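Down below is the structure, laid out as structure tokens.
Here it is, written out as structure tokens:
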């Protein structure tokens with residue numbers, strides 16, 4: 002099973018928790034990340050790092 006960003010914003014802990022409760026996955030494989038082109042990555046690296054750390058922490062914390 003997969004989830005689109007429209008279904009669950011992984012940066013929002015409440016949405017991750019609700020999705021996990023509703024779908025009750027047996028295992029979780031995280032391949033999501035905020036990415037951009039070379040210019041935006043070079044000019045806003047902290048924004049990308051922050052969003053990716055938050056979404057990873059939310060998924061790890063709420064996984065079964």
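In my numbering, the protein residues as written are 2 to 65.
Beta carbons are placed, not taken as given, at the ideal position from N, Cα and C, and that holds for glycine.
These numbers were taken from a predicted model, which means no experiment stands behind them.
Of the residues the options, which one's Cα is nearest the Cα of residue i?
{"i": "residue 6", "options": "33, 60, 44", "result": "33"}
{"i": "residue 28", "options": "58, 3, 54, 56", "result": "3"}
So what does DSSP say about residue i, is it helix, strand or coil?
{"i": "residue 28", "result": "coil"}
{"i": "residue 14", "result": "helix"}
{"i": "residue 22", "result": "helix"}
{"i": "residue 35", "result": "coil"}
{"i": "residue 46", "result": "helix"}
Between residue i and residue j, is the Cβ-Cβ spacing less than 9 Å?
{"i": "residue 57", "j": "residue 14", "result": "no"}
{"i": "residue 53", "j": "residue 35", "result": "yes"}
Which term fits residue i, buried or exposed, when burial requires 16 or more other beta carbons within 10 angstroms of its beta carbon?
{"i": "residue 1", "result": "In this structure the chain extends from 2 to 65, so residue 1 is not present and cannot be described."}
For the pair the segment 45-53 and the segment 15-22, tell me if three or more CB-CB distances fall below 8 Å.
no
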